[in-house]
Structures are given as C-alpha cells and as structure tokens.
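Peer 1:
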Amino acid sequence: MAGTILNMDPPSSADNSRHRLPTQSAAAALATQLDQGYGSFATGSEALDNSWGGAGLERGKLVEICGPPGSGKTTIAVQLVVDAVSKGEQVCWIGENVEKGLF
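Residue numbering for the sequence shown follows the UniProt record's numbering, starting at 1 and increasing by one per position.
#1: In this structure, what does DSSP give as the bridge partners for S40?
#2: Contact check, W93 vs V81 under 8 Å by CB: the rounded distance?
#3: Less than 7 Å between C-beta atoms, sequence neighbours within five positions excluded: which residues of the same chain meet that for I65?
#4: If you count every other CB in all the chains shown that lies within 10 Å of the CB of G53, and 16 or more means buried, which is it?
#5: Tell me the rounded alpha-carbon separation between T32 and S51.
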C-alpha cells in the first residue's frame, strides 16, 4: 500500500485550485471584515473609550500606549488585555522589557 502512495503522480496545479481560497489583497480582506462588523469593543473605562472616539478599541488595530516611566502604561495595557480576553477577544501583546511572569 505504501508503494502505491509513493508511486502516485502529484496532483496538477489545476486540481489544487479547487481546494484554495480565492487570492485577495490584505487591504481587501480587512475591508471585508470591517464591512461585516469587525468593529470595536468597550474597554470597561468610559474615559479611555471616549479618548478613542467613544467606541473603545477597534478590532484589528494596533494600539500604542506612551508615557514617562512609572506613569502606568503597563498597568493600563495589562488591564486592557485581561478585560479583552475575559470577553473572548484575541490579543497580541507586542512589547519590550516585559517582566518575566507578567503573563
């Protein structure tokens, strides 16, 4: 049986086309998701939501929190992550000098 599998001709590219999703640009894929209600979600802080236009954080967008040392940037970011994950949202944390064991 293994010999039969090894001796099979690979499928042609025409055969593979039936199993592929149509190719589209990243911009078109994002536009489709935005049109389908990709939207935003509340952070749990009315002040923060208002500072981002009143709707909270937009899904699929990068958020950068800046400030001087000790101003609470990491605390706010961790709280946003905790709130988002507890609501079933997916989060990608990108940062440097993150304390070991923070997550």
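All C-beta atoms in this analysis are idealised placements derived from N, C-alpha and C, irrespective of residue type, glycine included.
Peer 2: Checking against the coordinates, here is how it stands:
#1: Stepping through the sequence shown from its first residue, residue 40 is reached at position 40. Beta-bridge partners assigned by DSSP to S40: E58.
#2: In the sequence shown, counting from the first residue as 1, residue 93 sits at position 93. In the sequence shown, counting from the first residue as 1, residue 81 sits at position 81. Beta-carbon to beta-carbon, W93 and V81 are separated by about 6 Å, close enough to satisfy the 8 Å threshold.
#3: As a first step, residue 65 must be located in the sequence shown, where it is residue number 65. Non-local C-beta neighbours of I65 in its own chain, meaning closer than 7 Å and more than five positions away in sequence, comprise K73, I76 and A77, ordered along the chain.
#4: For this step, residue 53 is matched to residue 53 along the sequence shown. Residue environment: G53 is assigned as exposed (fewer than 16 neighbouring CB atoms within 10 Å of its CB, all protein chains considered).
#5: If you number the sequence shown from 1, residue 32 lands on position 32. If you number the sequence shown from 1, residue 51 lands on position 51. One alpha carbon belongs to T32, the other to S51, and they sit about 26 Å apart.
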